[in-house]
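Here is the structure we will look at, set down as structure tokens.
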Amino acid sequence: MKNNPDVYLLYEYMDKVPFTVRIKVQLDSSVNADKLTKAAQEAITRYPYFSVQAALDQGENYILKHNGNPISVLPEKDERIVLGSEEVNGHLFSITYRDDCIWFNFSHSLCGATGGLFWVKTTLYQYMIKQYGEITPPNDIKLVGSPVPDDETAFPDADKLPDDEPLTRYNGGDSNLTLGRFLKYLLNPFAKDNYYYQIEIPTKDFMAYAADIDGSPNTVLSAVMFKVVSQIVKEKKDTHISVRVAADYRSDIGAALSYRDFVRFIHIKYDWNMKDESIAKLNMRARGAIISQNQPELSYERFKKLEKVHNGIDQQPDLKSKKSFASKNSTFRSDPRDNCTISYVGKIEWGDMQQHIKNIYTITDGDLMLEVNALQDHFCITFQLINKDRRPLDVFCEILDHEKIPYTVSGQYTRYMPRIKLPHK
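Per this note's numbering, the sequence shown starts with residue 67, numbered consecutively.
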């Protein structure tokens, strides 16, 4: 592949769906702007693949050029920041802050939450040793000045992966029961904001509950979200409800240390006649679906499809054609349509840094979407909705109450997902 694989999601950029990510970290004291600015400049030196800006070459391909400008550290405002703009020195990564919170903003094209957390962790460590004094870093931190190993930046060769057929495939098909919510948002020219709520669930209680029903955070939340959707949409004949769970497949394709976003989705089909089943039984259905789709052959297939799309984009004659091809052949848009999404990055090691971290929330695009992070003593769930109707959240909380799972929930926040300013001919 002739071009940097980090550019290809940029071709799918849309103003209302910009493919950006925010990671919000709440600390135990107000942010010191000067120390955060210094920490940010130090930390970004460890990530040369993030110190870039987008450009166009003569063939109208997006490319990423080294960006030696300082990474921007700006006060958080109630508006969208524009990555790639002069305001952020052309970077596709930027940091904002307010009170005791720091937002790490970045383009999803270069990485997802897993790769972004590498950068977050290093930046927070550099900040904390300035703010709080020496602390013991987590074992897996990428320290400033440490070398970047080849495995961190290598991109697998699709031709070297097996072509074996998977044992089973998901054949549930699309569920369009919630499509109207999303189309209404896209077609409304004034709909520029969407919303989220912060939910905390004590780790001890949640994991004890999951263990009692032989589940995991993903399977429990899948069961709960099926219950939510079954109560907020009308039952229709010959339809079903589908929950999707993000699955990191880096290890399957030999890229376990990669910063890139190698994610495919596992789909869990629930029929309407299951809506009165217990969470325990629905959890087992989710577990079975995850086991049946957790096959490396499906990961090989996904990656080969991804590289085929990349090659197809490269073959288009101009930027307009490349963007059109990328949109029509998107691996994400060609997935079966689901009604809600759960994305859990797994337990992250923070070491002694955790004593200064009160909460960490990942904020993305999506409707009826849960982004899940785990700290030592509690889970941080971002419950994301595309409009101000909080009934789905209320139903979610009612189910937690019924299952005697303790939680706290915040008021409504606006996401303010960053836009991206891209070069044009």
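In this text, a Cβ means the ideal position worked out from N, Cα and C, and glycines have one as well.
Model, not experiment: these values are computed from the prediction.
Report the residue from 73, 401, 469, 453 whose alpha carbon sits nearest the alpha carbon of residue 239. Closest by C-alpha distance to residue 239, out of 73, 401, 469, 453, is 401.
Do residue 434 and residue 405 have their beta-carbon atoms positioned less than 8 Å apart in this structure? Closer than 8 Å, so yes.
Judging by CA-CA distance, which residue of 202, 184, 142, 120 is the nearest neighbour of residue 134? Residue 120 is the option with its Cα nearest to residue 134.
Selected residue, minimal CA-CA separation from residue 235, among 365, 204, 173, 213: Residue nearest to residue 235 within the set 365, 204, 173, 213 is 365 (criterion: CA-CA distance).
Beta-ladder partner(s) of residue 157, from DSSP: For residue 157, which the question treats as bridged, DSSP gives no partner whatsoever.
Take the Cβ of residue 124 as the centre, count every other Cβ of all protein chains shown within 10 Å, and call the residue buried at 16 or more, exposed below. The residue in question, residue 124, is exposed, as its Cβ has fewer than 16 Cβ neighbours within 10 Å.
So what does DSSP say about residue 145, is it helix, strand or coil? Collapsing the DSSP output to three states places residue 145 in coil.
According to DSSP, is residue 92 part of a helix, a strand, or is it coil? In this structure, DSSP gives residue 92 an extended state, which the three-state scheme calls strand.
Buried or exposed: residue 216, going by 16 or more other Cβ atoms within 10 Å of its Cβ? In the assembly as shown, residue 216 is an exposed residue. Its beta-carbon has fewer than 16 other beta-carbons within 10 Å.
How many Å lie between residue 292 and residue 274 at the Cα? Distance between residue 292 and residue 274, taken at the CA atoms: about 21 Å.
Between which two residues does the beta strand (DSSP E) harbouring residue 335 extend? That run of the beta strand (DSSP E) goes 329-336.
Tell me, to the nearest whole angstrom, how far the beta carbon of residue 409 is from that of residue 312; I am working on the premise that it is less than 8 Å. Going by Cβ atoms, the distance from residue 409 to residue 312 rounds to 4 Å, so yes, they are a contact pair.
For residue 73, the three-state DSSP class (helix, strand or coil): Residue 73 falls in the helix class under three-state DSSP.
Unbroken beta strand (DSSP E) run spanning residue 169, endpoints: In the DSSP annotation of this structure, the continuous segment of the beta strand (DSSP E) that includes residue 169 starts and ends at 167-173.
May I ask you to report which of helix, strand or coil DSSP gives residue 215? The answer is coil: DSSP assigns residue 215 none of H, G, I, E or B.
When you compare only the Cα positions, how much space is there between residue 184 and residue 201? Residue 184 and residue 201: Cα-Cα distance of roughly 18 Å.
DSSP three-state label for residue 323, please. In the structure shown, residue 323 sits in coil (DSSP, three-state: anything other than H, G, I, E or B).
Does the Cβ of residue 314 have 16 or more other Cβ atoms within 10 Å, making it buried, or fewer, making it exposed? So residue 314 ends up on the buried side.
Would you mind giving the Cβ-Cβ distance between residue 461 and residue 214, rounded to the nearest angstrom? I have them listed as a contact below 8 Å. About 46 Å; that fails the 8 Å criterion.
Under the rule that 16 or more other beta-carbon atoms within 10 Å means buried, what is residue 72, buried or exposed? With 16 or more other Cβ atoms within 10 Å, it is buried.
Am I right that residue 308 and residue 341 are in contact with their C-beta atoms under 8 Å? What's the rounded C-beta distance? Between residue 308 and residue 341 the beta-carbon gap is near 14 Å, outside 8 Å, which marks them as no contact.
Rounded separation between residue 330 and residue 205 - CA only: A direct Cα-to-Cα measurement between residue 330 and residue 205 gives close to 28 Å.
With DSSP as the reference, label residue 343 as helix, strand or coil. Note: residue 343 maps to coil in three-state DSSP.
Enumerate, from N- to C-terminal direction, the unbroken beta strand (DSSP E) stretches of 3 or more residues contained entirely within the segment 205-286. Counting only runs of 3 or more, we get 261-268.
Taking the Cβ atom as the reference point for each residue, do residue 392 and residue 198 lie within a distance shorter than 8 Å? In this structure, residue 198 does not lie closer than 8 Å to residue 392 by Cβ.
By Cβ distance below 8 Å, which residues in the same chain neighbour residue 261 in space, the five residues on each side in sequence not counted? Close CB contacts of residue 261 within its chain, under the 8 Å cut and outside five residues either way in sequence, are with 450, 451, 452, 453, 454, 478, 479, 480, 481 (chain order).
Out of 426, 109, 432, state which residue places its alpha-carbon closest to the alpha-carbon of residue 447. Closest option to residue 447, Cα to Cα, is 426.
Measuring only the C-alpha atoms, how far is residue 288 from residue 471? Roughly 15 Å separates the two Cα atoms.
Pairwise C-alpha distance: residue 430 and residue 67: In this prediction, residue 67 scores a pLDDT of 44, lower than 50, which makes its location untrustworthy; the coordinate-derived value is nonetheless stated afterwards. Residue 67 and residue 430: Cα-Cα distance of roughly 29 Å.
Could you tell me the boundaries of the beta strand (DSSP E) in which residue 310 lies? Note, residue 310: beta strand (DSSP E), 307-314.
Touch test, the segment 316-328 against the segment 337-351, Cβ-Cβ under 8 Å, three pairs minimum: The segment 316-328 makes no contact with the segment 337-351: fewer than 3 CB pairs, one atom from each, lie closer than 8 Å.
Host beta strand (DSSP E) of residue 413 (start-end): Start and end: 406-413.
If you measure between the beta carbons of residue 129 and residue 70, is that distance less than 8 Å? Residue 70 sits close to residue 129, with the two beta carbons spaced by under 8 Å.
Alpha-carbon spacing of residue 416 relative to residue 92, whole angstroms: The alpha-carbon atoms of residue 416 and residue 92 are separated by roughly 14 Å.
What three-state label does DSSP hand residue 479 in the structure shown? The answer is strand: DSSP assigns residue 479 an E or B state.
Take the Cβ of residue 74 as the centre, count every other Cβ of all protein chains shown within 10 Å, and call the residue buried at 16 or more, exposed below. Answer is buried; the Cβ neighbour count reaches 16.
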